[in-house]
Structures are given as structure tokens and as C-alpha cells.
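For reference, the structure is listed below as C-alpha cells.
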Amino acid sequence: MRRTIKLFLCTCMTLLFIGLGCVSHAEIKIGSKNLADHVVLGKALCLYLKVHSLPVVDKTNYGGSMDLRRAILTGDIDLYFESLSTAWFNFFHRKTLESSPEYLYVECKKLDRKNGLRWLAYTPANRTFALVIRKDDSTKMRIDSISDWIRYVSKAGKKVTVVLPKELGQAETLMSGLVKHYVETLKLDSKFPYKAVKIAHSLLPGLVSNGTYSAGLSFATLGKIDYFDLVCLKDDLSFFPAYNLSPVARAELVIRYVRLPFLLNMFCKKVTTDILRRFDYLVSEEKRDPEGVAKAWLIDKKLVSPEQAAEYFIE
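One point on numbering: in my numbering, the residue at position 232 of the sequence shown is 231, and numbering is uninterrupted.
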């Protein structure tokens, strides 16, 4: 009887160690979009998880949203950052503009469970649109929000020209919707006097900066906003859809690595819109190495130590 029990226990322990060995060697394939800020963020996540003794494979700079969607569903990648509204519109084919990241997060999480995917803690970083003006104008006119700007222009009564990115198909509809939302919510009597002009997005910040146009509709994480010293006005009446980034992982990964949600939560808290814009500026404008930018940010936010950053490298 004792011999039988001993054999049973030995077998259990052997299976347990085999199981643990398999888990510890299962690699986490981390992907990212082929955008400068996403590449830096993906590389930062690779290094961060390596420091915490998780086996990582760097598959950053993978492609666009649909490429990554196919890859995570087939298992070619295990984890990447996606924007909430991108999933809402492109993956789940919803039509409504939603400005609440919490609502979108809950819905995306619920809709993707059947696909074997888990949406983990979303970041404060919102890759949505932004109305940008010159910093000097913001300071001189005391304009910090879109409400401030709408009131100022309405009161002045002089038509302003707003430049829109021609790459954005619905730019004019978005801008007219923004004006309508703010004018009606603020209960302004006068019509808002503006004219819209479309140009290439890459040229937009420079033309606002040199005074050719009064304001521009841009993407909030465009590095040129910092390069030309522009200000993103606060969307204080919540018109723009929420494009907050959230890590999406295959369900088996979350089961296998029980620490992963906690580690990602700590990481995601540090990721802001300003940080993503800074990443884009450093890589796209200053031509910095994405890995170097990622390491410097991790050290600055105390997510890794300088010694750890020097010890680990991203493959």
C-alpha cells in the first residue's frame, strides 16, 4: 500500500514538474503595429516582461490592425496593443461614436471572449483626434479647451480657416460634427464662422505653426505637434471617439502566466497620450532608435532599473 502511494506521489510530482517546465519555456510572441509609437511601446513591453523573467519573442513592427488581428487569432502573435475604437469599428463592425473608454473596454472585452481573446487594463493613452493651435495663441488668448476656442471664435465673429488631414476620409464630417456638438451644448446663439481646407497630414502642423491656418484637426499622437510647439486643446465636452490603447492577449497566455495581468496593469498606467506623441517625435523626427527610446522611458518611469536595462536586450 505504501509503495503504491509513493509511486502515485512520484508520478504526480513528475507530471507537475513537466507541466511547469512546459509553461516556463512557452514563449510570449509580442506584436505591434508598424507605427513609430507602437513599435517603441511594443519594444518597451518586451524588455519589461523579460526583466520579470517571462520568455519573450519580439515581433514588433508587424503590420496594420487587420494584420495583427489575423495574427493573434491564428496564434502567430500572443499579445499586442490595440485601440478600443479601432476594434469597435473594424473588428466588431459597430457604427456609433463612443467617447467613453470604459464603455468600449467592457464591450470589446465581452465581444472577444468567444474568440479566445482577453482585453486587459486599458491605458490613459488615447490615439484619437485633436484640435491643435499655436502655443502662443493658447497662452495669449487663454485657450486650453475646445470650448474656450469655440467661444473665442464665436465672440470674435471673424471666420477662421481650419486645416484637415486629407488622408482622413470623414474629416469634414468629423469637424462639422465637432462644431455642432460644441455650439449646441454651449448654447451659443451665433453660427460658428469657419472654413475647412484639406492638406496632407504631415504638412498640417507646420502650416498651423507658421500662421497659414488658425487651427488644425490632427491625430493626437503625431510627433510633429511637439516638433512645431503646438497645443492639443482638451476635448472637454467629450466629442471624439475613444482610441485608448489596451493590451489584447490570447486567453491561454493569461491562464499560463497568472502574473501577466498584474504586470500589464502596472505598465499600462504609465502610458499616456503625451508619451506616445513623444515616442513618435523621437523616432520619426529625431530618428532615434526605437529600442533606445523604449529603454530610456522604462528607466524614467522606474519600470526597470538602469542595470536591468543594460543586462537585458531585445531580440
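Cβ atoms here follow ideal geometry from the backbone N, Cα and C, with glycine treated the same way.
Checklist line | Bounding residues of the beta strand (DSSP E) (the contiguous stretch that carries residue 31) | finding: 27 to 32
Item checked: Local conformation of residue 273 per DSSP, three classes -> helix
Next item on the list: Measure from the alpha carbon of residue 245 to the alpha carbon of each residue in 96, 302 and 265, then state which is nearest.
Entry: 265
Notebook entry, point to check: So, is residue 133 buried or exposed, given that buried needs 16 or more other C-beta atoms within 10 angstroms?
Noted result: buried
Item checked: Which listed residue (179, 137 and 196) has its alpha carbon closest to that of residue 237 -> 179
Check: How long is the line joining the alpha carbons of residue 53 and residue 256, rounded to whole angstroms?
Finding: 8 Å
Next item on the list: Label residue 115 either buried or exposed according to how many other C-beta atoms from any shown protein chain fall within 10 Å of its C-beta, with 16 as the threshold for buried.
Entry: exposed
Check: Alpha carbon to alpha carbon, what distance is there between residue 277 and residue 271?
Finding: 10 Å
Notebook entry, point to check: Okay, do the segment 49 to 65 and the segment 76 to 89 touch, 3+ Cβ pairs below 8 Å being the bar?
Noted result: yes
Notebook entry, point to check: Using DSSP with H/G/I as helix, E/B as strand and the rest coil, what is residue 210?
Noted result: coil
Next item on the list: In the DSSP assignment, find the alpha helix (DSSP H) that holds residue 181 and state where it starts and stops.
Entry: 170 to 184
Notebook entry, point to check: Taking residue 195 as the reference, which of 214, 210, 186 and 209 has the closest Cα?
Noted result: 214
Checklist line | Inter-residue spacing [alpha-carbon to alpha-carbon] between residue 225 and residue 280 | finding: 7 Å
Next item on the list: Taking only the alpha-carbon atoms, compute the straight-line gap between residue 173 and residue 285 and give it to the nearest angstrom.
Entry: 31 Å
Check: Would DSSP call residue 81 helix, strand or coil?
Finding: strand
Note to self: Quick check on this structure: which residue in 295, 299 and 247 has the alpha carbon closest to the alpha carbon of residue 29?
What the structure shows: 247
Checklist line | Neighbourhood of residue 85 by C-beta distance below 6 Å, restricted to the same chain and skipping five residues each side | finding: 64
Item checked: Spatial distance of residue 69 from residue 149 (CA atoms) -> 42 Å
Item checked: For residue 127, the three-state DSSP class (helix, strand or coil) -> coil
Margin query: Since residue 143 and residue 233 should fall inside the 8 Å C-beta cutoff, what is the C-beta to C-beta distance between them, to a whole number of angstroms?
Written below: 6 Å
Margin query: On the DSSP bridge list, what partners appear for residue 365?
Written below: The requested residue 365 does not occur in the structure, where the chain is confined to residues 0 to 314.
Next item on the list: Just tell me which of 162, 292, 42 and 183 has its CA closest to the CA of residue 146.
Entry: 183
Notebook entry, point to check: What is the DSSP secondary structure of residue 218, reduced to helix, strand or coil?
Noted result: strand
Next item on the list: Excluding the 5 residues preceding and the 5 following residue 165 in the sequence, name in chain order all residues of the same chain whose CB lies nearer than 8 Å to its CB.
Entry: 197, 198, 199 and 200
Item checked: Helix, strand or coil at residue 258 [DSSP, three-state] -> coil
Margin query: Beta-carbon within less than 7 Å of residue 292's beta-carbon, same chain only, minus the 5 sequence neighbours each way: which residues are those?
Written below: 39, 278, 281 and 282
Note to self: Taking 7 Å as the limit between beta carbons, can you name the residues of its chain near residue 307, skipping five residues before and five after?
What the structure shows: 50
Note to self: Using only the alpha-carbon positions, how far apart do residue 298 and residue 45 sit?
What the structure shows: 14 Å
Next item on the list: Would you kindly report the start and end of the unbroken alpha helix (DSSP H) that includes residue 303?
Entry: Per DSSP, residue 303 belongs to no alpha helix (DSSP H) and is neither H nor E.
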